[in-house]
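Numbering (my numbering), first residue to last: 1 to 140. For every residue, glycine included, the Cβ atom is placed at its ideal position computed from N, Cα and C. None of the values given here were measured: they were computed from a predicted structure.
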Amino acid sequence: MALRRRQGCGFLLCLATLAVHAEVVPVVSAKSPVTMLSQYQVADIFLGKTVRFPDGMQAVPIDQKEGSPARTEFYEVYANKSPAQLKAHWSKIVFTGRGKPPLSVADGIAARKLVAADPRAIAYIDRSEVDGSVRVLREP
Numbered sequence: 001m002a003l004r005r006r007q008g009c010g011f012l013l014c015l016a017t018l019a020v021h022a023e024v025v026p027v028v029s030a031k032s033p034v035t036m037l038s039q040y041q042v043a044d045i046f047l048g049k050t051v052r053f054p055d056g057m058q059a060v061p062i063d064q065k066e067g068s069p070a071r072t073e074f075y076e077v078y079a080n081k082s083p084a085q086l087k088a089h090w091s092k093i094v095f096t097g098r099g100k101p102p103l104s105v106a107d108g109i110a111a112r113k114l115v116a117a118d119p120r121a122i123a124y125i126d127r128s129e130v131d132g133s134v135r136v137l138r139e140p
């Protein structure tokens with residue numbers, strides 16, 4: 001995971017912040033033919049800018065609940081969006097009728113279970129929650 005320097009972050013505060021953040025990774029089912037996506041492709045799927053994987057298969061994004069640390073970290077790292085920016089993004093998309101936000105689940109375990117059962121699904125979970133039922137997507 002690339003570490004970004006946070007604005008106004010003192011050295012000790014940055015270390016404390018990094019210590020509480022686990023590494024959130026995008027995953028697909030172990031049965032999925034998708035093995036790699038760029039950060040931008042992952043972000044586009046979760047922001048509703050595309051509904052398909054590069055091979056043409058439908059992509060079904062699975063979000064974690066609003067306010068969860070994993071969700072906040074994922075959108076900050078992959079889409080460069082804060083929770084407020086994400087909320088504004090989806091408000092606009094829904095209002096204009098161009099889409100709806102991804103299905104939201106309680107936590108990484110629930111996301112992993114849904115992804116494992118559906119080769120079309122994509123989610124993000126903490127690296128420590130990865131098991132043989134899902135595959136971490138690599139960058140091309």
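Exposed or buried, which one is G109 when buried takes at least 16 other CB atoms within 10 Å?
The sequence as given places Ile at residue 109; Gly does not occur at that position. Burial call: exposed.
Return helix, strand or coil for L103, following the three-state DSSP convention.
Residue state, collapsed to three classes: strand.
Closest to R147 by C-alpha separation, out of A123, S32, Q39, would be which residue?
What the structure shows of the chain is the stretch from 1 to 140, and residue 147 is not part of that stretch, so it cannot be assessed.
Could you check where the alpha helix (DSSP H) with Q85 kicks off and where it finishes?
Residues 83-95.
Just checking, does the segment 114-127 make contact with the segment 27-36 on the three C-beta pairs under 8 angstroms criterion?
The segment 114-127, when compared against the segment 27-36, does touch it at the 8 angstroms Cβ threshold.
When DSSP labels each residue in this structure, what does S68 get in the three-state scheme?
Coil at S68, not helix or strand.
From which residue to which residue does the beta strand (DSSP E) around D126 run?
121-126 is the extent of the beta strand (DSSP E) around D126.
Quick one, which of K49, Q41, D55, E23 has its alpha-carbon nearest P101's?
Residue K49 is the option with its Cα nearest to P101.
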